[in-house]
Structure formats: C-alpha cells, structure tokens
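Data first, discussion second: the structure below is written as structure tokens.
Residue numbers (my numbering): 360 to 581.
So this is what it looks like as structure tokens:
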C-alpha cells in the first residue's frame, strides 16, 4: 500500500462559506492484525501514518480520508460494516493471544470539518467507541473486555491555524460524551515535535517523524 503524497482537503470542508460535499478520491487504508501487540489503533490518515512508522506496533483499522458514519461510501467510512467486523476480529485475536487488548480510537480531522456541523459524526464516533467497549471474549475461562481510549483531536498546522478556533469546543463536547459513556480520553497534542511545529511540512495536515515517534512512546505506555 502506498501512502498518498498530496495534501487532502478534509471531507465536507467549507468552501466560500458553503458546505462542500467533498470525498477525497485517493483513499488508501491500513487494515492489519498484529495480535501479539494486544493493541488496536483506529482512525484516519494520521493513524495510517502511525502504521507507516511502526506497522508492527499495533493492529490497525486506518482509512486515509476516513470518516465515522455514512456519507462518503464504504471506501472512506472507518466504521463501515466490514471494518467494524475487522475491529472486533482483531480485538478477539488479541484477547485470545494475550488476555487483553487496548484500543485507541482517534477523532478525525475530516469529521471536525473545520469546526462546522460536526455533532452528528462525533456522535457516530462515540457510538463506535461504545460498541467496542462492550465487547467481551473468553481468556483462560474468564470474560475479558478491551480497554478503550478516545484520543482527542489535534488541529491544523500553523499555516491554517485559523481553523483551530473551535478545536477546544470540539474536544470539550467529545470529553463530555466520553465521560457519559465511561470511556477514558487521551490528549496527544504534547507529542507535536519537529521543524514545522510537529507537522510534516508547511500546509500539511500530517505529522513529522519526530511527532510520530513521540506518539508511539505514549501509545506504548498502555
């Protein structure tokens, strides 16, 4: 699988003050089971980057240009029916192999939609996290549930910082819904490191290698 090299506009981005029903056409995904890590990472292109940096560090369901909930077709839906089955299968495999599984379900920059009309997709995101949290599989005669963490949204690169003004409100609502559903929340914004304030390059939504390295350090604490 080859990572897309172009900067992708977030789906549903606002153009000239109106909603644009935009779905990128360069989608690619990381869909792999590494059961012995007892870890699953779910998300969009930023999680795809995590896979490219350390493909052996976790199981992955990561979709470039991905969204939670319908609207862009199964190709870009992180929690499509088939991918939800994969998530469950990977969690089951981890529990059967290691007696545990830790799931990191990342909020997506695509669903943030530059701060506009994101509630529905956030609700779908929470719904997916809740579904995974309820799973239970047997290990040595005991029922084991995965530990699920929601990862807060990290915003835009410095060149597009104007779109970050609603990030705090987004994450506040996200944390409130997570708490309501008994799901812990993680913040990896402190992992932004490197030449371009944590991003791969100017005008690029994606992370530098140094940032990815620090994110993996945090992930592997769990």
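Positions of the beta carbon are idealized from the N, C-alpha and C atoms, including for glycine.
Which full runs of the alpha helix (DSSP H) of 4+ residues lie inside the segment 498-578, going along the chain? 526-539, 568-578
Quick one: is residue 561 buried, meaning 16 or more other Cβ sit within 10 Å of its Cβ, or exposed? exposed
Go through the segment 373-452 residue by residue and report every complete run of the beta strand (DSSP E) that reaches 3 residues or more, in order. 388-391, 398-402, 418-422
Quick test of the definition: if touching needs 3 or more C-beta pairs under 8 Å, does the segment 528-544 touch the segment 484-496? yes
Please report the Cβ distance between residue 410 and residue 387, rounded to the nearest whole angstrom; I am assuming they are in contact, meaning their Cβ atoms lie under 8 Å. Between residue 410 and residue 387 a beta carbon distance of about 11 Å is seen, past the 8 Å cut, so the two are scored as non-contacting.
Does residue 408 pass the burial test, meaning 16 or more other C-beta atoms within 10 Å, or should it be called exposed? Buried, since its Cβ has 16 or more Cβ neighbours within 10 Å.
Count the other C-beta atoms from every protein chain shown that fall within 10 angstroms of the C-beta of residue 518, then say buried if there are 16 or more, exposed otherwise. Classification for residue 518: exposed.
Residue 416 versus residue 399 - alpha carbon distance: 9 Å
Whole-angstrom distance between residue 459 and residue 500, CA atom to CA atom: 13 Å
Thinking C-alpha only, which one of 579, 580, 503 is nearest residue 457? 503
Near residue 535, what residues of its chain come up, given a Cβ to Cβ distance below 6 Å and the 5 sequence neighbours on each side ignored? Contacts found: none.
In the DSSP assignment, find the unbroken alpha helix (DSSP H) run with residue 491 in it and report its ends. From DSSP, the alpha helix (DSSP H) with residue 491 extends over 478-492.
Taking its Cβ as the centre, do 16 or more other Cβ atoms sit within 10 Å of residue 403, making it buried, or is it exposed? Burial call: buried.
Within its chain, find whatever has a CB closer than 7 Å to the CB of residue 445; leave out the 5 residues flanking it on each side and keep chain order. 390, 420
Can you give the beta carbon distance from residue 454 to residue 401, rounded, assuming they're within the 8 Å contact cut? The pair is not a contact, with the Cβ atoms about 16 Å apart (cut-off 8 Å).
Taking C-alpha atoms, which residue in 431, 506, 512, 432 lies nearest to residue 565? 512
Taking 8 Å as the cut-off, decide whether the C-beta atoms of residue 508 and residue 547 are in contact. no
With C-beta atoms as the reference, is residue 580 less than 8 Å away from residue 569? no
Local conformation of residue 367 per DSSP, three classes: In this predicted model, residue 367 has a pLDDT of only 34, less than 50, meaning its place in the structure is not dependable enough to derive any value.
Can you tell me the Cα-Cα spacing of residue 383 and residue 449, whole angstroms? Here residue 383 scores only 45 on pLDDT, less than 50, and its place in the model should not be relied on; the value that follows carries that caveat. For residue 383 and residue 449, the distance between alpha carbons rounds to 27 Å.
Rounded to whole angstroms, what's the CA-CA distance from residue 524 to residue 473? Just pull it up for me. 9 Å
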